[in-house]
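Participant: Residue numbers for the sequence shown follow UniProt numbering, so the first one is 1 and each next one is one higher.
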Amino acid sequence: MTTMSLDSSASSLDEVAGTPQGGGDETGLQCSIDQLLGRLAQEQARRKQLEDELQALRRSQKQITTESLDPIGAKREELLQLTRERDELRDWLQRGVSECRRVADEALQLKSDLDEKTQRCKLLETAKEELQEKIDMVQLQLADSQSQLEKLKQKERLLEACAGEHALSEQKLWNLMNRGKNSMKHL
């Protein structure tokens, strides 16, 4: 039977866990999780194999001499060590999964906030454009009204000037008529 040393299995686990996958994106995290789950499955298979071997050793214990008890103790110790490693790996994997979920939830919340703020900006931009159109229209109406008001003032001044000339003409006419009456009286 061939077994890996505990140091080599721990270092290979560290290599799998420390290998960046895709710059930390969700696909890379999933790949890393899949690798860790594969490693856990291998360790479980190895543990099962060792447990099966231990059971076989127990069944044949009556036939084994006292000198053969040492390998059983070593297997038992190896099994305990593998069980501890498996438990540590499971805890580490669970923490990693929890952290991935937290980061994914946070990323979704940030994306939702960004989408909401982008939508608000678009609405504000639309409102700004509508207000600018109204301002432009009011400015055109104001310019048109000022132009019409200026024309009306010019007409009013012209009418006042005409009315003044008409009043002078009437006054002159009255003066001429009065002179004409006075001259007629003197004759």
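Glycine included, each C-beta is placed from N, C-alpha and C at the ideal position.
1. Would you tell me roughly how many angstroms separate the C-alpha atoms of G73 and V103, rounded to the nearest one?
2. Cβ of L50 within 7 Å of Cβ of L89?
3. Leaving out the 5 sequence neighbours to the left and right, which residues in its chain are closer than 8 Å to R86 when beta-carbon positions are compared?
4. Mapping the DSSP letters down to three states, classify S60 as helix, strand or coil.
5. Looking at L37 and C100, is the spacing between their C-beta atoms short of 7 Å?
6. Is the distance from the Cβ of K75 to the Cβ of L93 below 7 Å?
7. Going by other Cβ atoms of all chains shown within 10 Å of its Cβ, with 16 needed for buried, is residue 192 buried or exposed?
8. In angstroms with no decimal places, state the Cα-to-Cα distance between L108 and E130.
9. Give me the Cα-Cα distance between H166 and N182, rounded to the nearest whole angstrom.
10. A149: buried (16+ other C-beta within 10 angstroms of its C-beta) or exposed?
11. Go ahead and pull the three-state DSSP assignment for M177.
12. Rounded to the nearest angstrom, what separates Q139 and K128 at their Cα positions?
13. How long is the line joining the alpha carbons of K111 and I135, rounded to whole angstroms?
Facilitator: In short, the structure shows the following:
1. 45 Å
2. no
3. L40, E43, Q44, R47
4. Assignment of S60 by DSSP, reduced to helix, strand and coil, places it in the coil class.
5. no
6. In this structure, L93 does not lie closer than 7 Å to K75 by Cβ.
7. Given that the chain is displayed from residue 1 to residue 187, the structure contains no residue 192 and the question cannot be resolved.
8. 33 Å
9. The straight-line gap from Cα to Cα measures roughly 24 Å.
10. A quick correction: the sequence has Leu, not Ala, at residue 149. Classification of L149: exposed, given that the 10 Å Cβ count is below 16.
11. helix
12. 16 Å
13. Each residue's Cα considered, the two are about 35 Å apart.
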